[in-house]
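Here the sequence shown is numbered in numbering that gives the first Met the number 0, starting from 0 and rising by one per residue.
Note that CB positions come from ideal geometry on N, CA and C, so glycine has one too.
Being a predicted model, the structure only gives us computed values, none of them experimental.
Since the structure comes first, as structure tokens, the remarks are kept for the end.
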Amino acid sequence: MTDKNIFSAAHIFASARLSSLCICLFLLMVLVQSGIYTPQGKGGDFLSWDWPVIILLLWIGFISFRYLPVWRLKRKGLNKRQIRRAKRLSDRALQSPKGVLFHFVYFFMMLFAICFLIVSSILFTIFYPNGTLVKIFQNEFYCAFILTALPQLLCQAVFANRVLSVWQKKKAV
């Protein structure tokens, strides 16, 4: 396996982690939009249907976070050793000095996400009072989950891909 292929595989690991959260958010949006599930927890009291849906979404997120990149790389024809090497390379990219910088950017992305959430919830309430996102953002758990997980996984994906691109260019020279 060439270095170009191993770096491409490591890029898949970095981006698949973000896509696992997007899968969970998409499933939540589909459940709420179709009317199958309405988030009930307002003011801290979670009713009976909130807990099974939350546990189901977290379970799907964990499974897809762990196995989605492996499944995708197996479909590309990589063996277990090559997949382990790509995972190590992707993890090492986040532990590099540039990868450590992501913790600082994560703090600012959290602030941006909080401001975005406040503005978007006000706008959604004004223009779409019965919209899907308004129902989701009224639940404190989903709101906190989106505010913490989305910026972190976005920062990890961006920084890991950036560090891997720099490493790949250095190897090519």
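- Counting the other Cβ atoms within 10 Å of the Cβ of residue 68 gives 16 or more, which makes it buried.
- Contact annotation, residue 13 with residue 159: C-beta distance approximately 4 angstroms; criterion of less than 8 angstroms satisfied.
- Assigned with DSSP and collapsed to three states, residue 63 falls in helix.
- A straight line joining the alpha-carbon of residue 76 with that of residue 85 spans about 13 angstroms.
- Looking only at 6, 58, 28, 18, the smallest Cα-Cα distance to residue 152 is reached by 18.
- Scanning its chain for C-beta atoms nearer than 7 angstroms, with the 5 sequence neighbours on each side dropped, one finds around residue 11 the residues 68, 71, 72, in chain order.
- Residue 122 and residue 31 have their C-alpha atoms some 19 angstroms from each other.
- Cβ contact annotation for residue 146 (same chain, cutoff 8 angstroms, sequence separation greater than five): 109, 112, 113, 116, in chain order.
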